[in-house]
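Before any comments, here is the structure.
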Amino acid sequence: MGLTSSELSGNDEEGPLCCPHPGCRLRAHVICLAEEFLEKEPGQLLPLEGQCPGCKNSLLWGDLIWLCQMGTEEEEENLELEEEHWTDMLET
Numbered sequence: 001m002g003l004t005s006s007e008l009s010g011n012d013e014e015g016p017l018c019c020p021h022p023g024c025r026l027r028a029h030v031i032c033l034a035e036e037f038l039e040k041e042p043g044q045l046l047p048l049e050g051q052c053p054g055c056k057n058s059l060l061w062g063d064l065i066w067l068c069q070m071g072t073e074e075e076e077e078n079l080e081l082e083e084e085h086w087t088d089m090l091e092t
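In terms of our numbering, the sequence shown is residues 1 to 92.
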């Protein structure tokens, strides 16, 4: 099984997928979790749903991708808020 939950590299463009269920600590590469879900859906190009390997709850693939994108957007917004604007350095 190619699923990696503890050793994630920073090479993923999207970042890791995280299970939204409370108490589940699953963090997996997009491609690894997709392969896991597709094992039970032969013939599909993209997974539709699957069982979380961490907590065994049912997950919809679209929800996982949406949540991953939302997390990325929030992180970018937080970084923008933390950075100083060049006008803040002007002496008045």
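Ideal Cβ positions, reconstructed from N, Cα and C, are used throughout, including at glycine.
Please read all numbers here as calculations on a predicted model, not as lab measurements.
| query | Taking Cβ positions, are PRO20 and ARG27 nearer each other than 7 Å? | reply | no
| message | If you reduce the DSSP assignment to three classes, tell me which class GLN51 lands in. | response | strand
| field | Cβ-based neighbour list, ALA34, same chain, cut-off 6 Å, excluding 5 preceding and 5 following | value | PRO47
| field | Endpoints, the alpha helix (DSSP H) within which LEU38 is located | value | 30-38
| message | Tell me the DSSP secondary structure of SER6 in three-state form. | response | Model confidence at SER6 stands at a pLDDT of 43, short of 50, so the residue's coordinates are unreliable; what they give is reported in the following sentence. It is coil, neither helix nor strand.
| field | First and last residue of the uninterrupted beta strand (DSSP E) at LEU45 | value | Run containing LEU45: none; DSSP gives neither H nor E here.
| Element boundaries [beta strand (DSSP E), containing LEU60] | 58-60
| request: Spatial neighbours of CYS18 within its chain, please: CB distance less than 6 Å, with the 5 preceding and 5 following residues excluded, ordered by chain position. | output: ARG27
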